[in-house]
Amino acid sequence: MTDTLYTQLVGLCTGTLLLTSALMVWRHSLLASIRLLSAQGVALAALVAVIGAQENEAELILVSLLILATKGVALPWVLAHQTKATIRTIEESPRLNPTAALLTVTLLTILAYVVVSRLIGLGTSVGSHAAPIGLAMILTGFLLLITRRRARSQLIGFLLLDNGIATVAFLTSGGVPLLLELGVSLDVLLVVLILHVFTGRMRHKFGGTDVDQLRELHD
Amino acid sequence: MIWAAIVIAIAQVAVFVVLAPLVVGVMRQVRARLEGRAGPGVWQPWRDVRKLLRKNPVRAQGSSGMLRAGPVAVLVSSLLLCVLLPLVGTIPFDLIPSDLFVIVSVMLIGVVALALVGLDSGTAFGGMGSSRHMTVAALVEPTLLLSVYALSIPAGSSTLSLIVQARLDTPEIIISPVSVLAIVALAIAIMAETGRLPVDNPGTHLELTMLHEAMLIEASGRDLAWLELGSWLKLAALLGLVANLVVPWGVVTDFGAFALLLGTVTIAAKVLVLAVLLTVGEVFLAKVRLFQVPELLAGSFALAFLAVTASYLVA
Chain C
1 MTDTLYTQLV GLCTGTLLLT SALMVWRHSL LASIRLLSAQ GVALAALVAV IGAQENEAEL
61 ILVSLLILAT KGVALPWVLA HQTKATIRTI EESPRLNPTA ALLTVTLLTI LAYVVVSRLI
121 GLGTSVGSHA APIGLAMILT GFLLLITRRR ARSQLIGFLL LDNGIATVAF LTSGGVPLLL
181 ELGVSLDVLL VVLILHVFTG RMRHKFGGTD VDQLRELHD
Chain B
220 MIWAAIVIAI AQVAVFVVLA PLVVGVMRQV RARLEGRAGP GVWQPWRDVR KLLRKNPVRA
280 QGSSGMLRAG PVAVLVSSLL LCVLLPLVGT IPFDLIPSDL FVIVSVMLIG VVALALVGLD
340 SGTAFGGMGS SRHMTVAALV EPTLLLSVYA LSIPAGSSTL SLIVQARLDT PEIIISPVSV
400 LAIVALAIAI MAETGRLPVD NPGTHLELTM LHEAMLIEAS GRDLAWLELG SWLKLAALLG
460 LVANLVVPWG VVTDFGAFAL LLGTVTIAAK VLVLAVLLTV GEVFLAKVRL FQVPELLAGS
520 FALAFLAVTA SYLVA
């Protein structure tokens, strides 16, 4: 693979990652967020595959397939596993209005850039040059966790955070060992399954998972 | 070279003065056909302008000279836009380059003149339209600046002619993520700037929603003709800019008679195709609430900003 093509492909994947994170903050509907999450998983898998192809590591290709299966297909499917008719109507009413949230995302991106360039220095390699995007995704994930009211939207923020951590790991060090990656992916899948079951039970019992209304105990 | 630049500038103005009413006519006709109406024909805007130019304007009592000067200022700023933008050819003037900041400030002259025309007649609608217009303009300008700035990073220059030239020389930067993000942001900003759906509905005079029409509502005769022609020219020129940024092939880079003819024909075809695409897209859109317009524009600002960051981070 030539260097310019490699740079362009890494740029395309990280650009998609950043764009989907920003759009997740913009859109209110849960279904749209889940679709964006799925697109982000595919972009992350593509990024790992590109890095693997550049460094001629078969293991990374395997990891990318694993990421495609869990983050691109399984997690969104678990989240969207409900009749489409009800999920379509779920609209989030975040604490921060979308204009302010989008401007916050741009500020967080600048912050990520400044912090990473101070911390590790933007090296000459393409991967470490794109590392601030991973940190920006982590910060955007925190923003979603803070500003969203519903438990399931907060879950999406958590998954964005996880995607950001994975992006930083792959861009700076060429990834973690396969066994660790497998463990982390299954861990996240399990956490999401448990949280999903919890929110389902909570909605069944109390009729909603708006955390503002969960301040007092119900009988 | 200076003669080549002057000839191209004259050609651009001539082409766009003929083309702009035709573009609006085509857009209205396509929309009418898609809605199942017969439509007035593509030459109707031309007939309207000719009719209006023969009539004396009726101006409100006590109105100032701004009502006389404003429409001409709007037209002149749009004509200047046609001179400066790289539409038919990319050969720039040495003294007045088609720099990003020059272009945006020329556009701002027209915006402010239009808002003053709306205010000057002293009616409620005019003032309302002007205040909304300035709100949208204040939100659009940063997006315009940032998105063109993002496009200028790979080209290494903020002169629009050189940006188009660079995209013609290395076509692979057209489909790079930075360029795609910036073009989307620029397209949203231009839709807001020229008062198209989903920000403003050009086909209605409903007082709750109109922006652009509210400022023209007191203008008549010659004044109205200048204002209409100015806004059409701006729409056509900005469509031409987007078309040249996406599909730069066909612009004149080496001056010659055949190249000039080819450039003229291709830019006319590109603008007309883009106008038809825009209209077909608009049929499926509804105007967003006025209070959600800042949200849309903040979204486009965020896209432009991400384009700038991505071009620094990745490239």
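Line by line, the protein sequences are chains C and B.
First residue of the first sequence? That's 1 in this note's numbering, and the numbers climb one at a time after it.
First residue of the second sequence? That's 220 in this note's numbering, and the numbers climb one at a time after it.
Glycine is no exception: its CB is placed at the ideal position from the N, C-alpha and C atoms.
Treat the numbers as computed from the prediction; the structure is a model and nothing was measured.
Proximity test, Cβ basis, 9 Å: C:Leu-143 and chain B: Looking up residue 143 of chain C in the first sequence gives position 143. No, because no Cβ of chain B sits closer than 9 Å to the Cβ of C:Leu-143.
Within 9 Å of any Cβ in chain B, is that where the Cβ of C:Gly-41 sits? Sequence index remark: in the first sequence, residue 41 of chain C carries index 41 (1-based). It does not: the Cβ of C:Gly-41 has no partner Cβ on chain B nearer than 9 Å.
Using a Cβ-Cβ cut-off of 6 Å (strictly less than) and excluding sequence neighbours within five positions of B:Lys-274, which residues of its own chain qualify? The count along the second sequence starts at 1 and reaches residue 274 of chain B at position 55. Excluding residues within five positions, the ones whose Cβ falls inside 6 Å are Gly-440.
Expressed to the nearest angstrom, what Euclidean distance is found between the alpha-carbon atoms of B:Val-512 and C:Gly-183? For the purposes of this step, residue 512 of chain B is taken as the residue at position 293 of the second sequence. For the purposes of this step, residue 183 of chain C is taken as the residue at position 183 of the first sequence. For B:Val-512 and C:Gly-183, the distance between alpha carbons rounds to 45 Å.
Cβ neighbours of B:Ile-417 in the same chain (closer than 6 Å, five flanking residues each side left out): Locating residue 417 of chain B in the second sequence gives position 198, where the first residue counts as 1. One point to set straight first is that residue 417 of chain B is Pro, not Ile, in the sequence displayed. Within the same chain, B:Pro-417 has close Cβ partners Leu-504, Lys-506, Val-507.
Sequence-distant residues of the same chain with beta carbon closer than 8 Å to C:Leu-193, five excluded per side: As a first step, residue 193 of chain C is located in the first sequence; it is residue number 193 there, counting from the start. Counting only Cβ-Cβ distances below 8 Å, and skipping sequence neighbours, we find Val-78.
Is the beta carbon of B:Leu-446 less than 9 Å from the beta carbon of B:Leu-405? Residue mapping note: residue 446 of chain B aligns to position 227 of the second sequence, counting from 1. Residue mapping note: residue 405 of chain B aligns to position 186 of the second sequence, counting from 1. Contact flag unset, no.
Less than 9 Å between CB atoms is the rule here; does C:Pro-98 satisfy it with respect to chain B? Along the first sequence, read from residue 1 onward, the residue named residue 98 of chain C stands at position 98. Output row for C:Pro-98: interface = yes.
Straight-line Cα distance separating C:Leu-31 from C:Thr-220: Chain C is shown only over 1 to 219; residue 220 of chain C falls outside these bounds and no answer can be derived.
Can the beta-carbon of C:Leu-139 be found closer than 9 Å to that of C:Leu-111? For the purposes of this step, residue 139 of chain C is taken as the residue at position 139 of the first sequence. For the purposes of this step, residue 111 of chain C is taken as the residue at position 111 of the first sequence. Contact: yes.
Does C:Ala-169 come within less than 9 Å of chain B when only Cβ atoms are used? The residue given as residue 169 of chain C occupies position 169 in the first sequence. No - not a single Cβ of chain B is within 9 Å of the one on C:Ala-169.
Length of the line joining the Cα atoms of C:Leu-171 and B:Glu-514: If you number the first sequence from 1, residue 171 of chain C lands on position 171. If you number the second sequence from 1, residue 514 of chain B lands on position 295. Cα to Cα, the separation comes out at about 33 Å.
Assign B:Thr-423 to one of two classes, buried (16 or more other C-beta atoms within 10 Å of its C-beta) or exposed (fewer than that). Locating residue 423 of chain B in the second sequence gives position 204, counting from the first residue. B:Thr-423 should be labelled exposed.
For B:Leu-294 and B:Ile-407, what's the separation of their Cα atoms in angstroms? Taking the first residue of the second sequence as position 1, residue 294 of chain B is located at position 75. Taking the first residue of the second sequence as position 1, residue 407 of chain B is located at position 188. Looking at the two C-alpha atoms, the distance is approximately 23 Å.
Would you please verify whether the beta carbon of C:Leu-103 is less than 9 Å from any beta carbon of chain B? What you label residue 103 of chain C is simply residue 103 of the first sequence in a count that begins at 1. Answer yes: the Cβ-Cβ gap between C:Leu-103 and chain B drops below 9 Å somewhere.
Step through the CB atoms of chain C and report whether any lies within less than 9 Å of the CB of B:Ala-521. Locating residue 521 of chain B in the second sequence gives position 302, where the first residue counts as 1. B:Ala-521 counts as touching chain C.
Consider the Cβ of C:Gly-164: report whether some Cβ of chain B lies at a distance smaller than 9 Å. For the purposes of this step, residue 164 of chain C is identified with residue 164 of the first sequence, where counting begins at 1. Answer no: the Cβ-Cβ gap between C:Gly-164 and chain B never drops below 9 Å.
Alpha-carbon to alpha-carbon, B:Gly-345 and B:Ser-530: In the second sequence, the residue the question calls residue 530 of chain B occupies position 311. In the second sequence, the residue the question calls residue 345 of chain B occupies position 126. Their backbone Cα atoms lie some 42 Å apart in a straight line.
Neighbouring residues, chain C, relative to B:Leu-335 (Cβ below 8 Å): Residue mapping note: residue 335 of chain B aligns to position 116 of the second sequence, counting from 1. Result: empty, since nearest Cβ-Cβ is about 28 Å, beyond 8 Å.
Option nearest B:Ile-394 by Cα separation, candidates C:His-28, C:Leu-186, C:Leu-12, C:Leu-190: Looking up residue 394 of chain B in the second sequence gives position 175. Answer by Cα proximity: C:Leu-12.
Mind pulling the chain C residues with CB within less than 7 Å of B:Thr-528? In the second sequence, residue 528 of chain B corresponds to position 309, counting from 1. What B:Thr-528 touches in chain C: Thr-109, Tyr-113.
Taking Cβ-Cβ distances below 9 Å as the criterion, which residues of the segment 66–82 of chain C are in contact with chain B? none
Tell me which residues share the same chain as B:Leu-481 and place their Cβ nearer than 8 Å to its Cβ, disregarding the 5 neighbours each side in the sequence. Taking the second sequence and counting its residues from 1, the one referred to as residue 481 of chain B is at position 262. The residues are Gly-469, Val-471.
Between C:Leu-47 and B:Asp-473, what straight-line distance do the alpha-carbon atoms span, to the nearest angstrom? In the first sequence, residue 47 of chain C corresponds to position 47, counting from 1. In the second sequence, residue 473 of chain B corresponds to position 254, counting from 1. Taking the straight line joining both Cα atoms gives about 41 Å.
Assigned secondary structure, C:Arg-150 (DSSP; H/G/I helix, E/B strand, else coil): Within the first sequence, residue 150 of chain C is the residue found at index 150, counting from 1. Strand at C:Arg-150.
Could one say the Cβ of C:Ala-53 lies closer than 9 Å to chain B's Cβ atoms, at least one of them? Position 53 of the first sequence, counted from the first residue, corresponds to residue 53 of chain C. It does not: the Cβ of C:Ala-53 has no partner Cβ on chain B nearer than 9 Å.
Less than 9 Å between the beta carbons of C:Gln-40 and C:Thr-16, yes or no? Working through the first sequence from its first residue, we reach residue 40 of chain C at position 40. Working through the first sequence from its first residue, we reach residue 16 of chain C at position 16. Cβ atoms of C:Gln-40 and C:Thr-16: closer than 9 Å.
Listing by chain order, which chain B residues have their CB less than 7 Å from the CB of C:Ala-22? Your numbering for residue 22 of chain C matches position 22 in the first sequence. Chain B residues near C:Ala-22: Ala-521, Leu-525.
Of the residues B:His-431, B:Leu-272, B:Pro-421, B:Leu-271, which one's Cα is nearest the Cα of B:Val-331? Residue mapping note: residue 331 of chain B aligns to position 112 of the second sequence, counting from 1. That would be B:His-431, whose Cα lies nearest to the Cα of B:Val-331.
Classify B:Gly-375 as helix, strand or coil using the three-state DSSP reduction. Numbered from 1 along the second sequence, position 156 holds the residue referred to as residue 375 of chain B. Coil at B:Gly-375, not helix or strand.
Using the rule of at least 16 other Cβ atoms within 10 Å of the residue's Cβ for burial, across every protein chain shown, is B:Asp-313 buried or exposed? The count along the second sequence starts at 1 and reaches residue 313 of chain B at position 94. B:Asp-313 should be labelled exposed.
Segments assigned beta strand (DSSP E), at least 3 residues, entirely inside the segment 162–195 of chain C: none
Residues in the segment 382–396 of chain B with C-beta within 8 Å of chain C's C-beta atoms, listed in sequence order? Glu-391, Ser-395, Pro-396
B:Ala-401 burial status per 10 Å Cβ neighbour count (16 or more: buried): Mapped onto the second sequence, residue 401 of chain B falls at position 182. The residue is buried, with at least 16 neighbouring Cβ atoms inside 10 Å.
Would C:Val-63 and C:Gly-72 qualify as a contact pair, given that the criterion is a beta-carbon distance under 9 Å? As a position in the first sequence, residue 63 of chain C is number 63, starting the count at 1. As a position in the first sequence, residue 72 of chain C is number 72, starting the count at 1. Contact flag unset, no.
Could you tell me whether the Cβ of C:Leu-47 comes closer than 9 Å to any Cβ of chain B? Looking up residue 47 of chain C in the first sequence gives position 47. It does not; no Cβ of chain B falls within 9 Å.
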